[in-house]
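Data first, discussion second: the structure below is written as structure tokens.
Number of protein chains: 2
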Amino acid sequence: MNTTINDVAKAAGVSISTVSRVLSDNPRISEDTKKRVRKAIKELKYHPNAIARSLANKATKTIGLILNTEAQTLIRNPFFIQAMTGISQYAQENGYNVMFAYNKNEDEDLNIAIRYITSRSVDGIILFTSRANDKCIEYLTKEHFLFSVIGRPDKTEGVLWVDNDNFQATYQVTDFLISKGHKKISFIGGPIGHNVSRDRFEGYKRAISVHGYTIDENITFLNGDFSEEFGYECLQKLIETCEFGEKFPTAIVTSDDMQALGVLSAMRKANISNIAVTGFNNTPVATCGNEVFVSVDVNAEKLGFYAAKLLLDKIEGEEDAPTHYIIPTDLVESKPFI
Amino acid sequence: MNTTINDVAKAAGVSISTVSRVLSDNPRISEDTKKRVRKAIKELKYHPNAIARSLANKATKTIGLILNTEAQTLIRNPFFIQAMTGISQYAQENGYNVMFAYNKNEDEDLNIAIRYITSRSVDGIILFTSRANDKCIEYLTKEHFLFSVIGRPDKTEGVLWVDNDNFQATYQVTDFLISKGHKKISFIGGPIGHNVSRDRFEGYKRAISVHGYTIDENITFLNGDFSEEFGYECLQKLIETCEFGEKFPTAIVTSDDMQALGVLSAMRKANISNIAVTGFNNTPVATCGNEVFVSVDVNAEKLGFYAAKLLLDKIEGEEDAPTHYIIPTDLVESKPFI
DNA sequence: AGAATCTGTGAAAACGCTTGCATAATCTAT
DNA sequence: ATAGATTATGCAAGCGTTTTCACAGATTCT
Numbered sequence: 160m161n162t163t164i165n166d167v168a169k170a171a172g173v174s175i176s177t178v179s180r181v182l183s184d185n186p187r188i189s190e191d192t193k194k195r196v197r198k199a200i201k202e203l204k205y206h207p208n209a210i211a212r213s214l215a216n217k218a219t220k221t222i223g224l225i226l227n228t229e230a231q232t233l234i235r236n237p238f239f240i241q242a243m244t245g246i247s248q249y250a251q252e253n254g255y256n257v258m259f260a261y262n263k264n265e266d267e268d269l270n271i272a273i274r275y276i277t278s279r280s281v282d283g284i285i286l287f288t289s290r291a292n293d294k295c296i297e298y299l300t301k302e303h304f305l306f307s308v309i310g311r312p313d314k315t316e317g318v319l320w321v322d323n324d325n326f327q328a329t330y331q332v333t334d335f336l337i338s339k340g341h342k343k344i345s346f347i348g349g350p351i352g353h354n355v356s357r358d359r360f361e362g363y364k365r366a367i368s369v370h371g372y373t374i375d376e377n378i379t380f381l382n383g384d385f386s387e388e389f390g391y392e393c394l395q396k397l398i399e400t401c402e403f404g405e406k407f408p409t410a411i412v413t414s415d416d417m418q419a420l421g422v423l424s425a426m427r428k429a430n431i432s433n434i435a436v437t438g439f440n441n442t443p444v445a446t447c448g449n450e451v452f453v454s455v456d457v458n459a460e461k462l463g464f465y466a467a468k469l470l471l472d473k474i475e476g477e478e479d480a481p482t483h484y485i486i487p488t489d490l491v492e493s494k495p496f497i
Numbered sequence: 160m161n162t163t164i165n166d167v168a169k170a171a172g173v174s175i176s177t178v179s180r181v182l183s184d185n186p187r188i189s190e191d192t193k194k195r196v197r198k199a200i201k202e203l204k205y206h207p208n209a210i211a212r213s214l215a216n217k218a219t220k221t222i223g224l225i226l227n228t229e230a231q232t233l234i235r236n237p238f239f240i241q242a243m244t245g246i247s248q249y250a251q252e253n254g255y256n257v258m259f260a261y262n263k264n265e266d267e268d269l270n271i272a273i274r275y276i277t278s279r280s281v282d283g284i285i286l287f288t289s290r291a292n293d294k295c296i297e298y299l300t301k302e303h304f305l306f307s308v309i310g311r312p313d314k315t316e317g318v319l320w321v322d323n324d325n326f327q328a329t330y331q332v333t334d335f336l337i338s339k340g341h342k343k344i345s346f347i348g349g350p351i352g353h354n355v356s357r358d359r360f361e362g363y364k365r366a367i368s369v370h371g372y373t374i375d376e377n378i379t380f381l382n383g384d385f386s387e388e389f390g391y392e393c394l395q396k397l398i399e400t401c402e403f404g405e406k407f408p409t410a411i412v413t414s415d416d417m418q419a420l421g422v423l424s425a426m427r428k429a430n431i432s433n434i435a436v437t438g439f440n441n442t443p444v445a446t447c448g449n450e451v452f453v454s455v456d457v458n459a460e461k462l463g464f465y466a467a468k469l470l471l472d473k474i475e476g477e478e479d480a481p482t483h484y485i486i487p488t489d490l491v492e493s494k495p496f497i
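Read top to bottom, the protein sequences are chains A and B.
With the first sequence counted from 1, adding 159 to any position gets you the numbering used here.
With the second sequence counted from 1, adding 159 to any position gets you the numbering used here.
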């Protein structure tokens with residue numbers, strides 16, 4: 160069997176209480192004893208059993224991750240894996256493990272959350288979501304279970320969350336385009352149920368109107384999904400309604416690199432090339448065309464990192480820790496691949 | 160506090176042993192008692208504490224995932240997240256949790272493995288690797304700790320692993336190109352330290368020679384990395400050495416979609432368009448150009464699924480379970496995006 | 001010198017569960 | 001009717017820690 164605290168105690172000629180205290184560097188133990196015990200620990204290659212610790216401490220030192228996303232999105236958008244690395248990093252630095260469960264739909268999702276909680280397997284949960292009226296949030300709140308959310312939820316009251324300033328992001332990218340001389344800028348949005356979609360649209364609107372232009376509904380596409388297909392369709396509609404020439408936008412602000420990809424694809428097919436396109440997520444795809452391309456990097460790794468920080472600070476009972484973080488976005492101008 | 164087995168026992172008027180036995184549906188308990196206990200369980204909303212269970216059972220019902228990969232690769236290649244979903248799925252179906260730790264380098268990686276094991280936090284480990292002489296494998300083997308590997312390791316003896324038949328994959332794709340009439344086919348390989356690179360090259364070689372052609376070193380690029388840059392460079396070298404015309408290959412077999420992307424990019428820049436390019440991983444990027452493009456789908460989700468199966472079957476002490484799985488690959492011909 | 005305080009350590013309970021063994025009650029076979 | 005087997009349940013030890021409380025011995029104070 161594995162060496163336990165008992166073996167160490169015996170080897171060092173002390174009681175297990177003393178060993179336990181040496182482990183936590185309790186000041187009540189004399190330096191002499193500490194040395195002796197530590198020597199025994201080393202010689203026996205003793206490592207405390209995490210499970211037994213958890214039981215005694217009523218804390219698992221583990222957090223759970225809940226990914227409620229369609230496989231497609233997960234695969235096409237590096238956002239998730241990036242955020243996960245950020246979470247893992249902060250967790251490791253603070254001696255926490257992270258459990259992860261992938262689910263196809265919201266109901267299963269909730270089940271996982273319930274299982275995590277009721278079986279007391281985790282001390283807290285990080286939720287990937289920006290869905291309106293998320294069931295998990297509701298449940299977790301009701302159960303008074305600690306969690307943090309990546310993506311600003313509907314009701315922020317009493318919940319820990321981290322997000323970009325999506326308003327600011329599209330404002331900035333639109334403003335950037337205007338500063339480059341663009342006067343007619345189209346917008347392609349995401350699913351209307353997500354806060355992120357609304358915010359991005361609002362940011363675009365503001366930038367447009369601040370500069371004295373008006374929103375043209377013919378070149379504004381709302382409530383799509385973050386897909387290539389949608390981007391492609393939008394450009395086709397644009398071609399239909401605007402014909403070419405004056406009415407055609409000189410730039411397009413999209414809400415996702417995949418949408419942008421669809422737009423670029425459609426452009427290439429229609430043999431249009433002088434339209435600036437922007438996206439979100441700074442996906443590798445961005446460099447795929449030979450066009451200049453601007454993408455908003457949402458710093459997913461940081462989003463994850465701070466989501467973990469929010470949660471762990473709360474778990475550790477930190478007083479007056481912040482309740483949310485806004486992670487700045489970066490405009491990344493990818494040159495055509497050299 | 161939370162309701163424990165004691166509360167249930169009291170409510171049902173039985174001992175905790177009985178409750179425990181009802182939980183595991185022990186046949187020695189009478190149906191009558193079972194009903195009574197189950198009623199109490201429901202009423203009290205009792206859920207067994209996973210930690211306490213683990214301690215008593217000396218099993219955590221948790222497996223650990225170790226990702227030793229550069230962030231870049233992780234982000235650009237959906238392979239990992241796909242495999243992870245497969246793992247999560249099989250684990251969930253069998254009542255296991257999965258822990259995940261992301262690391263930048265091999266040493267930290269080993270540390271995580273050591274921590275997982277020495278603290279007894281997991282029952283087994285899944286390793287993502289195809290690195291020659293992996294330190295983790297060595298360590299895990301030495302410690303007699305259960306693990307499975309995604310990617311065929313150097314020494315397969317006594318280790319559980321799952322992989323594609325990479326030889327077969329490039330053989331197939333090369334053969335496919337030849338059947339389409341291509342006679343001069345270039346090859347772009349991956350890092351020579353990985354088995355996967357060697358296998359893919361061998362498959363290509365075999366297909367070429369089986370059809371009576373010979374390998375031309377001038378159009379064969381080995382020991383690169385799985386990157387866009389490398390693909391780009393290769394095509395440039397091709398242009399330099401082959402000039403255009405007869406000596407130029409009519410098709411290029413690459414070892415990764417990213418390499419293929421680089422090739423396509425360079426082609427576009429040099430205004431070449433009639434060269435068939437193939438890749439690996441069936442990345443969304445594949446559809447990025449408007450060219451026809453063939454990618455080998457490695458079925459990453461299945462790789463993960465079976466890696467989990469191998470491990471869990473072993474953990475559960477399944478007799479004569481297989482020691483490895485070969486997951487078939489699929490040739491995916493992506494039409495130019497409509 | 002005796003009381004009060006401080007230091008360093010150990011005994012034992014607690015965390016919430018599983019399981020081997022014991023036992024009481026019922027049933028079967030003689 | 002009685003020994004033996006069977007069925008249904010409980011007792012208590014054990015899993016490997018942490019932590020409260022107690023206490024012995026050393027130190028300080030009056």
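Where is the CB? At the ideal position from N, CA and C, for every residue including glycine.
Remember, predicted model here, so these are calculated numbers, not experimental data.
Does the stretch 272-279 of chain B touch the stretch 287-307 of chain A, meaning 3 or more C-beta pairs lie closer than 8 angstroms? These segments do not touch.
Could you work out which residues of chain B lie near Thr-219(A), taking near to mean beta carbons separated by less than 8 angstroms? Listed by position along chain B, the residues whose Cβ is nearer than 8 angstroms to that of Thr-219(A) are Ile-210.
Within-8 angstroms CB hit, Met-243(A) to chain B: At a cut-off of 8 angstroms between C-beta atoms, Met-243(A) counts as an interface residue with respect to chain B.
Ile-497(B) burial status per 10 Å Cβ neighbour count (16 or more: buried): Because Ile-497(B) sits at a pLDDT of 49, beneath the cut-off of 50, its placement in the model cannot be relied upon, and the following sentence gives the value as read from the coordinates. In this structure Ile-497(B) is exposed. Its beta-carbon is surrounded by fewer than 16 other beta-carbon atoms within 10 angstroms.
With Phe-326(A) and Thr-379(A) assumed to form a contact (beta carbons below 8 angstroms), what rounded beta-carbon distance in angstroms separates them? About 16 angstroms separates the CB atoms of Phe-326(A) and Thr-379(A); that is not less than 8 angstroms, and the two are not in contact.
So, at 7 angstroms on beta carbons, what are the nonlocal neighbours of Ala-218(A) in its own chain, with the 5 sequence-adjacent residues on each side left out? Around Ala-218(A): Asp-282.
Coil, strand or helix - Leu-299(B) by DSSP: DSSP places Leu-299(B) in helix when its eight states are reduced to three.
Taking Cβ positions only, does Phe-259(A) come closer than 8 angstroms to chain B? At a cut-off of 8 angstroms between beta carbons, Phe-259(A) contacts chain B.
Grouping DSSP H, G and I as helix and E and B as strand, with all else coil, what is Ile-225(A)? Reduced to three states, the DSSP call for Ile-225(A) is strand.
Would you mind giving the Cβ-Cβ distance between Val-167(A) and Ala-199(A), rounded to the nearest angstrom? I have them listed as a contact below 8 angstroms. So it is a contact: roughly 5 angstroms between Cβ atoms.
Within 8 angstroms (strictly less), CB to CB, does Arg-235(B) reach chain A? At least one chain A Cβ lies under 8 angstroms of Arg-235(B).
With a cut-off of 8 angstroms on the beta carbons, I'd call Ile-273(A) and Ser-307(A) a contact; round off their distance for me. Ile-273(A) to Ser-307(A), Cβ: 18 angstroms. No contact.
Under 8 angstroms between C-beta atoms, does Phe-304(A) make it to chain B? Put simply, the CB of Phe-304(A) is far from chain B, with every gap to its CB atoms at 8 angstroms or more.
By DSSP, does Asn-262(B) sit in helix, in strand, or in coil? DSSP, read as helix, strand or coil, puts Asn-262(B) in strand.
Give the interface partners of Gln-248(A) over in chain B, defined as CB-CB distance under 8 angstroms, in chain order. Those within 8 angstroms of Gln-248(A) in chain B are Tyr-261.
Under the three-state DSSP convention, the category Glu-405(A) falls into: In the structure shown, Glu-405(A) sits in coil (DSSP, three-state: anything other than H, G, I, E or B).
Going by C-alpha distance, which of Ile-351(B), Lys-343(B) and His-353(B) is nearest Ala-366(B)? Nearest option by C-alpha distance: Lys-343(B).
Just to check my reading of the structure: Phe-452(A) and Asp-415(A) have Cβ atoms closer than 8 angstroms, yes? What is that Cβ distance to the nearest angstrom? About 13 angstroms separates the Cβ atoms of Phe-452(A) and Asp-415(A), ruling out a contact at the 8 angstroms cut-off.
Can the beta-carbon of Gly-390(A) be found less than 8 angstroms from the beta-carbon of Gly-421(A)? Cβ distance < 8 angstroms, so Gly-390(A) and Gly-421(A) count as in contact.
Beta-carbon proximity check, Ile-246(B) vs Leu-226(B), cutoff 8 angstroms: Contact: no.
Would you say Ala-121(B) reaches chain A, if we count a Cβ-Cβ gap shorter than 8 angstroms as a contact? Nothing about residue 121(B) can be read from this structure; chain B reaches only from 160 to 497.
Within chain B, the residues that Ile-240(A) reaches when beta carbons sit closer than 7 angstroms: Chain B residues near Ile-240(A): Leu-233, Ile-234, Phe-239 and Ile-240.
So Tyr-205(A) is in the alpha helix (DSSP H); what residue range does that whole segment cover? Where Tyr-205(A) is concerned, there is no enclosing alpha helix (DSSP H), because DSSP gives it neither an H nor an E.
Segment limits, beta strand (DSSP E) that includes Phe-346(B): Residues 344-347.
Can you say whether Arg-235(B) is buried or exposed, counting buried as having 16 or more other CB atoms within 10 angstroms of its CB? Buried.
In terms of alpha-carbon separation, which member of Leu-214(A), Glu-475(A), Tyr-363(A) and Glu-265(A) lies closest to Ala-230(A)? When only C-alpha atoms are compared, the closest one is Glu-265(A).
Contacts of His-206(B) in chain A (Cβ-Cβ under 7 angstroms): Thr-277 and Ser-278, listed in chain order.
Ala-459(B) beta carbon less than 8 angstroms from that of Val-321(B): With contacts defined as CB atoms closer than 8 angstroms, Val-321(B) and Ala-459(B) fail to qualify as a contacting pair.
Only counting runs of 3 or more residues, tell me where the beta strand (DSSP E) segments fall wholly within the stretch 418-477 of chain A, in order along the chain. Qualifying beta strand (DSSP E) stretches, in chain order: 435-439 and 452-456.
Spell out the partners DSSP gives Gly-283(B) in its beta bridges. Beta-bridge pairing links Gly-283(B) to Ile-222(B).
From Gly-438(B) to Gly-383(B), what does the alpha carbon distance come to, in whole angstroms? C-alpha separation (whole angstroms): 14 angstroms.
What are the start and end residues of the beta strand (DSSP E) that includes Phe-306(A)? Under the DSSP assignment, Phe-306(A) falls in the beta strand (DSSP E) whose first and last residues are 306-309.
Return the CA-CA distance between Thr-163(B) and Leu-203(B), expressed in angstroms with no decimal places. Using only the alpha carbons, I get a separation of about 9 angstroms.
Going along chain B, which residues have a C-beta under 9 angstroms from Leu-470(A)? Result: empty, since nearest Cβ-Cβ is about 16 angstroms, beyond 9 angstroms.
Mind listing the chain B neighbours of Pro-487(A)? Cutoff is C-beta to C-beta under 7 angstroms, in chain order. Neighbours of Pro-487(A) across chain B, judged by C-beta separation under 7 angstroms, do not exist; the nearest C-beta is about 19 angstroms away.
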